[in-house]
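In this text, residue positions in the sequence shown follow the working numbering: the first is 28, and each later residue adds one.
Contents: one structure, followed by commentary.
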Amino acid sequence: MLFVLSAPSGSGKTTIARNVLRHFDDLSFSVSATTRPKRPKEIDGRDYHFLSRDDFERRIEEDGLVEWEEIYGNLYGTLKSETDSAIGAGSHLLFDIDVKGALSLKRLYSDDAVLIFIRPPDLDVLRERLEHRGTDDETVIARRMQRAAWELEQAPQFDHVVVNDDLARSIPEVERIIGIYMNGSKQQQ
Ligand code: ADP
Ligand code: 5GP
Numbered sequence: 028m029l030f031v032l033s034a035p036s037g038s039g040k041t042t043i044a045r046n047v048l049r050h051f052d053d054l055s056f057s058v059s060a061t062t063r064p065k066r067p068k069e070i071d072g073r074d075y076h077f078l079s080r081d082d083f084e085r086r087i088e089e090d091g092l093v094e095w096e097e098i099y100g101n102l103y104g105t106l107k108s109e110t111d112s113a114i115g116a117g118s119h120l121l122f123d124i125d126v127k128g129a130l131s132l133k134r135l136y137s138d139d140a141v142l143i144f145i146r147p148p149d150l151d152v153l154r155e156r157l158e159h160r161g162t163d164d165e166t167v168i169a170r171r172m173q174r175a176a177w178e179l180e181q182a183p184q185f186d187h188v189v190v191n192d193d194l195a196r197s198i199p200e201v202e203r204i205i206g207i208y209m210n211g212s213k214q215q216q
């Protein structure tokens with residue numbers, strides 16, 4: 028199964044994803060490709076596959092991506108090699124991708140893709156989290172905030188919505204949702 032976490036940037040989906048991955052043995056992270064510059068604590072191959080724009084565009088031409096989007100001026104996408112190797116190994120996959128990418132995966136994988144929307148309590152809290160994270164300058168934060176309102180409107184298209192007010196509540200809630208589907212898929216086998 029494909030579990031897809033989406034949210035406006037700064038909502039906390041990466042923090043939630045890291046914790047949820049530790050909870051399940053048979054869940055791996057789908058490492059996306061991006062042309063965005065690496066942040067200080069990020070590791071190539073673990074957080075993202077950091078590619079040049081030329082390399083990314085070549086992979087699009089070679090049909091090497093399941094889905095891709097241009098977001099805040101950078102390209103982001105899911106590599107076919109990433110999904111193929113997880114499906115081959117019989118592992119479930121966890122995605123941290125944008126709303127459009129999530130809806131593309133739903134169209135491709137229908138019931139095998141579970142879309143979970145991580146909602147910030149409100150837009151003021153979202154801005155505070157982006158500022159507090161300290162990874163983006165004011166222009167980048169403004170772009171992310173501009174997109175957030177549209178993203179929040181897409182939440183009803185998701186299978187589940189989890190409000191990330193308190194991580195002590197939102198992390199177990201996402202684990203509970205994923206656990207239900209995993210148990211269901213085991214019973215079907
Ligand atoms: P995203 O991956 O959605 O862009 P992050 O996981 O990077 O978001 O979280 C953005 C910032 O907000 C980080 O500094 C993170 O530590 C913080 N954060 C995440 N969830 C919460 C929460 N429930 N309460 C307070 N801070 C949070
Ligand atoms: P960030 O730059 O904060 O890591 O990510 C910016 C946005 O790109 C986030 O909403 C993130 O979920 C999204 N994103 C990351 N990887 C992918 C991907 O493979 N496909 C799509 N469509 N979006 C992605």
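Virtual Cβ for every residue (Gly too), placed ideally from N, Cα, C.
All values reported here derive from a predicted model rather than from experimental measurement.
- In chain order, what residues of the same chain lie with their CB nearer than 7 Å to the CB of residue 107, ignoring the 5 residues before and after it? 91, 92 and 93
- Query: Whose C-alpha, out of 60, 119 and 111, is nearest the C-alpha of residue 50?
  - Reply: 119
- Item | Distance between residue 70 and residue 35 (C-alpha atoms, nearest Å) | When rounded, the distance between both Cα atoms is 22 Å.
- Task: Report the residue ranges of all beta strand (DSSP E) runs contained in full by the region 94-121; include only those spanning at least 3 residues, in chain order.
- Result: 101-106
- Could you give the DSSP three-state label for residue 146: helix, strand or coil? strand
- Message: ligand 3 and residue 133: does any heavy atom of the ligand fall closer than 8 Å to the residue's C-beta?
- Response: Ligand 3 is not part of the structure shown, which contains ligand 1 and ligand 2 as its ligands.
- Message: I need the DSSP call for residue 140, collapsed to helix, strand or coil.
- Response: It is a strand residue.
- Query: Terminal residues of the continuous alpha helix (DSSP H) containing residue 83?
  - Reply: Where residue 83 is concerned, the enclosing alpha helix (DSSP H) stretches over 80-88.
- Task: Kindly list the residues whose CB is nearer than 6 Å to the CB of residue 185, restricted to its own chain and excluding five residues on each side of it in sequence; keep chain order.
- Result: 142 and 144
- From which residue to which residue does the beta strand (DSSP E) around residue 58 run? Where residue 58 is concerned, there is no enclosing beta strand (DSSP E), given that its DSSP letter is neither H nor E.
- Task: Ignore the nearest five residues each way along the sequence and tell me which others in residue 178's own chain have a CB closer than 6 Å to its CB.
- Result: 35 and 126
- Check: residue 112 C-beta below 8 Å from any heavy atom of ligand 1: no
- Message: I believe residue 205 touches residue 30 by the beta-carbon criterion, under 8 Å. Please report the beta-carbon distance rounded to the nearest angstrom.
- Response: Yes, they are in contact, since the Cβ atoms of residue 205 and residue 30 sit about 5 Å apart, within 8 Å.
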